[in-house]
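S.K.: Protein chains in written order, with this note's numbering: chain C, 1 to 89; chain Y, 90 to 249.
For glycine and all other residues, C-beta sits at the position ideal for the given N, C-alpha and C.
1. Can you name, in chain order, every residue of its own chain whose Cβ lies under 8 angstroms from the Cβ of residue 115 of chain Y, other than the five neighbours on each side?
2. Reducing DSSP to helix, strand and coil, say where residue 226 of chain Y ends up.
3. Say whether chain C places a C-beta atom closer than 8 angstroms to the C-beta of residue 126 of chain Y.
4. Comparing the C-beta of residue 15 of chain C with each C-beta of chain Y, is any distance below 8 angstroms?
5. Is the Cβ of residue 21 of chain C closer than 8 angstroms to any Cβ of chain Y?
6. Any contact between the stretch 19–28 of chain C and the stretch 210–229 of chain Y? By contact I mean 3 or more CB pairs, one from each, below 8 angstroms.
7. Over what stretch of residues does the alpha helix (DSSP H) that includes residue 134 of chain Y continue unbroken?
8. Is the CB-CB distance between residue 265 of chain Y and residue 106 of chain Y below 8 angstroms?
9. Looking at the structure shown, is residue 106 of chain Y part of a helix, part of a strand, or coil, going by DSSP?
10. Note down, in chain order, every chain Y residue with its Cβ under 7 angstroms from the Cβ of residue 24 of chain C.
11. Rounded to whole angstroms, what's the CA-CA distance from residue 132 of chain Y to residue 152 of chain Y? Just pull it up for me.
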């Protein structure tokens, strides 16, 4: 009877110990969560910025390609699709 | 007699969820440490019921509900109520901590470093942290804790 009492007493102490461990871990978890939230926010902003930045990049790319190949901007998509089809064959 | 290891595993699995719920309710004026303690005890009491729930997403939803209800219950208890009759409050406090005092009395009778090891352990320090504090190895701490438990059991059964 006494032994059973001790076991339940020990178990109670162990559950309290786990609760204390959880409490001690909470600040670490909060720090990790804040870092993760910041990283995800930056990634999300970067993804949302792509449509704003992409036309500029396209324009620059077009200009370089057009200058080198000697074709104008209207002809460039047709040439690019031809090259893609050729490389796929 | 409930098993402590499966409960510890469950607690590790759902700690993020418990932190999230307790963090939310701590904004309503409760201390996060008290909330976590309260929720852990509530989960321990209903652990057998939790284990019978499958699959895991349903179990997680159940844990979420339990944590939420335990937090709300705790917040309700925090509300100021009528003062208890003189003396009764003291009696209740004595009754609450009686068992724990017994264990603390037994721990006081242990020699060093056993006394420090078990105190650190019951304060929620990990084996690695206890090893760093006492200068012993992690495996040594684990073995010693099993022996300390046996010693405490003997002290408890032979009367303090």
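M.R.: On the basis of the coordinates in this document:
1. 121 and 124
2. coil
3. yes
4. yes
5. yes
6. yes
7. 121–134
8. With chain Y covering only 90 through 249, there is no way to say anything about residue 265 of chain Y.
9. helix
10. 213
11. 8 angstroms
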